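Participant: First the structure, which I've put down as structure tokens, then a few questions once you've had a look.
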Amino acid sequence: SNFFRGSLPSEIGQLSQLHGLSTSFQLYRNSFTGLIPSTLGLLNAVQWFDLTWNSFTGPIPTELGQMTSTLYFYLGGNSLTGLVPSQLGLLTLMAEQIWMQNNQLNGSLPSQLGQLTGLTLDFWFYSNSLTGQLPSEIGLLTAMTSGVNLNFNSFSGIMPSELGQMSALLSNFFISSNRFSGLIPSEISLMTSLTANFRLNDNSFCGDLPPQVANLSLQVSGWVITTGNSIGTPCCETLADTYTCAPTFAPSIPSIPPTPS
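This note's numbering applies: residue 564 is where the sequence shown begins, and numbers increase by one.
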């Protein structure tokens, strides 16, 4: 970190051949403002890309998906808006961390992020304004050992059962303070390596906790599910689904006697 401020010039993308930029581009903890130049996508040999904790605004350039050598990708702690580009799914060599937290990103999370199968540590999208269903493809991030954090967004719908495929996860699975609803899938019990910090609190989960998942809780410290949910309450009552709650039989309708002629 330094005390740089102002906007980044678009010409910065022409530094791709500068000695030292072949591995690292770090401008974290400064006071940069304005848009992230799309020309940064030309730095396609950079392995460590870090713009965290500045004041960048506007959308994430889709051209950043051209930085195909990136192992660490950090844009957290800015004021970025708009959608998460699906082109980030092209960064398939990413083997460590992606930080997108503490921005103002909206829309749904692109399913293409499930192509980042080399990720082992942080998948951070917490404290944004993301909406919609969580893509089931996130369950393909099976090399993750720690740091799935989607807290403080507005994701909705059911929790994908495919997340149970993340069986290498040791700690820190957070999807608290969203709008998830429905049953907690029994496949979550396949996260058998998990030992610390599993938090689903403050959503709209309902129904009984599957016994397999309840057994998993015995080995995990920092297990928080029931707080702010409706575990144990039938989902039909929680979701006010009158069709689900209705009797399964059809009530008999009394016959109407014929009108006398």
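Beta carbons are placed, not taken as given, at the ideal position from N, Cα and C, and that holds for glycine. Here the structure is a predicted model, which is why all the values come from computation and not from measurement.
On the CB-based measure, 16 or more other CB atoms within 10 Å of its CB, does Ser784 come out buried or exposed?
Facilitator: By 1-based counting over the sequence shown, the position of residue 784 is 221. Exposed.
Participant: Tell me Trp616's beta-bridge partners as DSSP assigns them.
Facilitator: Start at 1 with the first residue of the sequence shown, and residue 616 comes out as number 53. For Trp616, which the question treats as bridged, DSSP gives no partner whatsoever.
Participant: Within the continuous beta strand (DSSP E) that includes Gln775, where are the two ends?
Facilitator: The residue you call residue 775 lines up with position 212 of the sequence shown. Per DSSP, Gln775 belongs to no beta strand (DSSP E); it is in the alpha helix (DSSP H), 774-779.
Participant: Using the Cβ count rule (16 or more neighbours within 10 Å means buried), how would you classify Phe688?
Facilitator: By one-based count along the sequence shown, residue 688 stands at place 125. It counts as buried.
Participant: Do you know whose CA, among Cys799, Leu654, Cys769, lies nearest Gln629's CA?
Facilitator: Indexing the sequence shown from 1 puts residue 629 at position 66. Among Cys799, Leu654, Cys769, the Cα nearest to that of Gln629 is on Leu654.
Participant: Per DSSP, which one or two residues make a beta bridge with Ala759?
Facilitator: Along the sequence shown, read from residue 1 onward, the residue named residue 759 stands at position 196. In the DSSP output, where bridge partners are listed per residue, Ala759 has Ser734, Ser784.
Participant: Can you tell me which of Pro748, Cys799, Phe761, Leu676 puts its alpha carbon nearest to the alpha carbon of Gln660?
Facilitator: In the sequence shown, counting from the first residue as 1, residue 660 sits at position 97. Comparing Cα-Cα distances from Gln660 to each of Pro748, Cys799, Phe761, Leu676, the minimum goes to Leu676.
Participant: Secondary structure at Gly791, three-state DSSP: helix, strand or coil?
Facilitator: Walking along the sequence shown from the start, residue 791 turns up at place 228. Reduced to three states, the DSSP call for Gly791 is coil.
Participant: Going straight from the alpha carbon of Asn760 to that of Ile794, what length do you get?
Facilitator: Residue mapping note: residue 760 aligns to position 197 of the sequence shown, counting from 1. Residue mapping note: residue 794 aligns to position 231 of the sequence shown, counting from 1. Their backbone Cα atoms lie some 19 angstroms apart in a straight line.
Participant: What is the residue span of the beta strand (DSSP E) that Leu634 lies within?
Facilitator: Numbered from 1 along the sequence shown, position 71 holds the residue referred to as residue 634. First-last for Leu634: undefined, no H or E at that position.
Participant: Under the rule that 16 or more other beta-carbon atoms within 10 Å means buried, what is Glu700, buried or exposed?
Facilitator: Within the sequence shown, the letter at position 137 stands for residue 700. Burial call: buried.
Participant: Alpha carbon to alpha carbon, how far is Phe737 from Thr683? Give it in angstroms, no decimals.
Facilitator: Position 120 of the sequence shown, counted from the first residue, corresponds to residue 683. Position 174 of the sequence shown, counted from the first residue, corresponds to residue 737. Rounded to the nearest angstrom, the two C-alpha atoms are 16 angstroms apart.
Participant: Alpha carbon to alpha carbon, how far is Ser671 from Gly695? Give it in angstroms, no decimals.
Facilitator: Your numbering for residue 695 matches position 132 in the sequence shown. Your numbering for residue 671 matches position 108 in the sequence shown. In a straight line, the C-alpha of Gly695 is about 5 angstroms away from that of Ser671.
Participant: In angstroms, rounded to a whole number, what distance separates the CA positions of Ile763 and Ser632?
Facilitator: Taking the sequence shown and counting its residues from 1, one reaches residue 763 at position 200. Taking the sequence shown and counting its residues from 1, one reaches residue 632 at position 69. Reading the sequence as shown, one finds Leu at residue 763 and not Ile. Rounded to the nearest angstrom, the two C-alpha atoms are 34 angstroms apart.
Participant: Cβ of Ser649 within 7 angstroms of Cβ of Pro673?
Facilitator: Residue 649 sits at position 86 when you count from the first residue of the sequence shown. Residue 673 sits at position 110 when you count from the first residue of the sequence shown. Going by C-beta atoms, Ser649 is nearer than 7 angstroms to Pro673.
Participant: Hey, could you find the ends of the beta strand (DSSP E) Gly640 is sitting in?
Facilitator: Walking along the sequence shown from the start, residue 640 turns up at place 77. Note, Gly640: premise wrong, no beta strand (DSSP E); not H, not E.
Participant: Helix, strand or coil, according to DSSP, for Leu693 in the structure here?
Facilitator: One-based indexing of the sequence shown puts residue 693 at position 130. Looking at Leu693 - three-state DSSP - the assignment turns out to be strand.
Participant: Exposed or buried, which one is Phe566 when buried takes at least 16 other CB atoms within 10 Å?
Facilitator: Taking the sequence shown and counting its residues from 1, the one referred to as residue 566 is at position 3. Classification for Phe566: exposed.
Participant: Apart from the five residues just before and just after Thr755, which ones in its own chain have a Cβ nearer than 8 angstroms to its Cβ?
Facilitator: By one-based count along the sequence shown, residue 755 stands at place 192. Around Thr755: Ser730, Leu779.
Participant: Give the single residue among Gln589, Glu626, Gln775 whose Cα lies nearest to the Cα of Asn607.
Facilitator: Position 44 of the sequence shown, counted from the first residue, corresponds to residue 607. Per the Cα distances, Glu626.
Participant: Can you name, in chain order, every residue of its own chain whose Cβ lies under 6 angstroms from the Cβ of Gly770, other than the five neighbours on each side?
Facilitator: Numbered from its first residue, the sequence shown carries residue 770 at position 207. Cβ neighbours of Gly770 beyond the five flanking positions: Leu746, Cys798.
Participant: Just the Cα atoms here: how many angstroms apart are Val776 and Glu750?
Facilitator: Numbered from its first residue, the sequence shown carries residue 776 at position 213. Numbered from its first residue, the sequence shown carries residue 750 at position 187. For Val776 and Glu750, the distance between alpha carbons rounds to 8 angstroms.
Participant: Using 8 angstroms for Cβ pairs, my map puts Pro600 next to Leu646. What's the rounded Cβ distance?
Facilitator: Counting from one through the sequence shown, the residue named residue 600 turns up at place 37. Counting from one through the sequence shown, the residue named residue 646 turns up at place 83. At roughly 18 angstroms, the Cβ-Cβ gap does not stay under 8 angstroms, so Pro600 and Leu646 are not in contact.
Participant: Given this structure, state the Cα-to-Cα distance separating Ser692 from Gln667, to the nearest angstrom.
Facilitator: Counting from 1 along the sequence shown, the entry for residue 692 is found at position 129. Counting from 1 along the sequence shown, the entry for residue 667 is found at position 104. In a straight line, the C-alpha of Ser692 is about 6 angstroms away from that of Gln667.
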